[in-house]
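Read left to right, the sequence shown gives residues 5 to 497 (my numbering).
A virtual CB, placed ideally from N, CA and C, is assigned to each residue, including glycine.
Here the structure is laid out as structure tokens; the discussion comes afterwards.
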Amino acid sequence: MSATRRQFLASAAALAATPRLLAQAATAADPLRPRYHLMPAHAWMNDPNGPIYWAGKYHLFFQVNARGGADWGDISWAHAVSPDMVHWTLLANVLEPAGTGSAVAAGPGDPDSYGVFSGSAIADGDRALFFYTAVSKSPEDLKTISDPGTSLREQQVVAISRGDLTTFTRQHKPLLPSPPAELQPIAGFRDPTVWREGSVWWMAVGSGTKDKAGVVLLYKATKPTGDDADWTYVGPLYTAPGNGKQTPDTVGAGTMFECPDFFALDGHHVLLYSTEGKVYWLTGTLDKATMRFTPGKRGLLDSGAFYAPKSFEGPHGERVLWGWIPERRPKEEYIAAGWSGVMSLPRVLHVDADGNLTMRVAPQVEQLAGRMKPIGSGATVPGLQTKIEAKLHDGGALTLRMGEIDALKITCQGNTLHVEDRAIELSRPDATLILYVDASVIEIFVGDLAAHTARVYPRLTPGASLRVTLTSGEGRMAIMQAAEPRVAVASKR
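What follows is the structure in structure tokens.
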């Protein structure tokens, strides 16, 4: 290749990249943008997908707009890798729908030609298997999404990866091409979660019947991949009626369970599912004869901006979970900002002696926290990245002021905390509040039994400070170091 041609191609590539680089620079300077949470350099993101500990590193995939828009669309799998679940490197997307111009895009006739939706990962010897929902446009008689104005078909498929998990090989033949015939009218058919017990593989898929009930469907196989994969329908793992709302949105009506997650933990079985904009947890027992799950205890995983979580088993047997923190501002505002959505901090799950699901931020996150200092009646720190620990007495309040605006106030009345429009019952009067403040994201933990993720959007200028005021209580705080993801590789175009 001549030097002149090389120079031309280099110049053309630089010009093509300029809008993307300018967008990234603009979002990086946004004072509302978190600094120690995982998120793409810009653009829309949502559900965590396929977390896996592989070859000594943590890999996390997540939904992203492949074209870089800050709104939902061209849903693909982004890829991040970390040595510690705190310091992340963003790699190239691994799966994209058709038409994105990427080397990892689906073909126009592939089952994921419209979208690469959520799924899970599992190790199988020297290969990692990624089960996910493939979405394509379809005729009315094959569609599985019943929302008005849509004609989309969801099928469960698998992709296989080895080595550093940067190259995926699609298995084009769907494992589950359609939901059970008796499940009509169908509300949806997506978000597989997979586990293995001996020689038997199990897959749970979120679904439901429109205007009736949400369902987690259960399948099993002895050959999970290949043309001779033998996935068969077992029956409903769990079913619950909807909320009775007359709405065309099956998720809003509670008749579609999204992103189910099912696992054994501390002598119990745990089911998570997302619907109505909330995440529910259930602990109980699994009848191995019928493969039906019976819940004993249940609750909300997080009462705030938190949805579609996904967990995995860490290298020491710990159950670690991430969730999507969506925006709570108008669409035109996040599109103008150039980014939307944040990944939560990793949370470690347990089941206590009473059958309650407990949750704390993974201890690896603490490496970002500086030395704790007393708050007293009030304290100011530079920047908007802080960890706060506090106990509020009856009538007490904790106020976070960002710049010139009171961004969040938490009050205590008796055994009840009030955060935004939510009331959280204290498990005990001396429960400790732990807040992880990262600009517009505030993850709040009340002991280990309740959580609330808040989104705040004060008008700020770069360099704004945080003022914490505490009345009738005691607390301390520490500055959190920034740990913004490093961008290693652009998309494979």
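With a cut-off of 8 Å on the beta carbons, I'd call GLY387 and LYS301 a contact; round off their distance for me. Rounded, the Cβ-Cβ distance is 40 Å, inconsistent with contact.
Out of curiosity, what's the CA-to-CA distance linking LEU19 and TYR57? The pLDDT assigned to LEU19 is 49, lower than 50, so where the model puts this residue is not dependable, and the model offers no usable value.
Can you check the stretch 94-155 for any beta strand (DSSP E) of at least 3 residues that lies completely inside it and give the ranges in chain order? DSSP runs (the beta strand (DSSP E)) wholly in the stretch 94-155: 119-128 and 131-141.
In terms of residue numbering, what span does the beta strand (DSSP E) encompassing GLU336 cover? First-last for GLU336: 335-341, but that is the alpha helix (DSSP H), not the beta strand (DSSP E).
I believe TYR277 touches PHE261 by the beta-carbon criterion, under 8 Å. Please report the beta-carbon distance rounded to the nearest angstrom. That belief holds up - the Cβ atoms of TYR277 and PHE261 are roughly 4 Å apart, short of 8 Å.
Quick check on DSSP: helix, strand or coil for PRO35? Correct three-state label for PRO35: coil.
For the structure I just gave you, are there three or more beta carbon pairs, one from the stretch 147-165 and one from the stretch 174-192, closer than 8 Å? Judged by Cβ distances under 8 Å, the stretch 147-165 makes contact with the stretch 174-192, as three or more pairs qualify.
Name the residue from SER155, PRO196, ALA435 and THR213 whose alpha carbon lies nearest to the alpha carbon of GLU186. Comparing Cα-Cα distances from GLU186 to each of SER155, PRO196, ALA435 and THR213, the minimum goes to THR213.
Can you pull the DSSP bridge partners for HIS422? According to the DSSP secondary-structure assignment, HIS422 is paired through a beta bridge with THR415 and ALA427.
CB-CB length for ALA468 against GLY407, believed under 8 Å: About 4 Å; that satisfies the 8 Å criterion.
For SER6, which residues of its own chain have a beta-carbon under 6 Å away from its beta-carbon, when the five flanking residues on both sides are left out? Summary for SER6: the model assigns pLDDT 47, below 50, so the residue's position carries little reliability, and this model does not support an answer.
Own chain residues within Cβ distance below 7 Å of THR254, not counting five before or after: Within the same chain, THR254 has close Cβ partners SER150, ASP151, ALA191, GLY192, GLY212, LYS214 and MET260.
Should PHE121 and ASP195 be called a contact, given that it needs their Cβ atoms to be closer than 8 Å? Less than 8 Å separates the beta-carbon of PHE121 from that of ASP195.
Compute the Euclidean distance between the alpha carbons of ASP265 and GLY342, then round it to the nearest angstrom. Rounded to the nearest angstrom, the two C-alpha atoms are 31 Å apart.
Quick check: the Cα distance between LEU402 and GLN485, rounded to an integer number of angstroms? For LEU402 and GLN485, the distance between alpha carbons rounds to 22 Å.
What is the rounded straight-line gap between the Cα of GLY218 and the Cα of ARG432? One C-alpha to the other measures close to 34 Å.
Does the beta-carbon of GLY345 have 16 or more other beta-carbons within 10 angstroms, so that it is buried, or is it exposed? So GLY345 counts as buried.
Expressed to the nearest angstrom, what Euclidean distance is found between the alpha-carbon atoms of GLU331 and TRP81? CA-CA distance, GLU331 to TRP81, rounds to 20 Å.
Could you tell me which uninterrupted beta strand (DSSP E) segments, each at least 3 residues in length, are contained entirely in the stretch 455-484, listed from first to last along the chain? Whole beta strand (DSSP E) segments, 3+ residues: 469-483.
What's the C-alpha gap between THR8 and ASP130? Because the pLDDT of THR8 is 49, which lies under 50, any placement of that residue in the model is unreliable, and the question is left without a value.
With a threshold of 16 other CB atoms inside 10 Å of the CB of ARG405, please say whether the residue is buried or exposed. Buried, since its Cβ has 16 or more Cβ neighbours within 10 Å.
Alpha-carbon to alpha-carbon, ASN419 and LEU430: Each residue's alpha carbon lies about 5 Å from the other.
Which same chain residues, not among the five before or five after TYR118, have their C-beta less than 8 Å away from its C-beta? The residues are PRO101, ALA102, VAL139, SER140, LYS141 and LEU156.
Which same chain residues, not among the five before or five after VAL198, have their C-beta less than 6 Å away from its C-beta? Within the same chain, VAL198 has close Cβ partners SER124, ILE126, PHE135 and MET207.
The beta strand (DSSP E) that contains LYS301, what's its start and end? Run containing LYS301: 296-304, per the beta strand (DSSP E) assignment.
Continuous beta strand (DSSP E) stretch holding PHE514: start and end: The structure shown does not extend to residue 514, since the chain spans only 5 to 497, so no value can be given for it.
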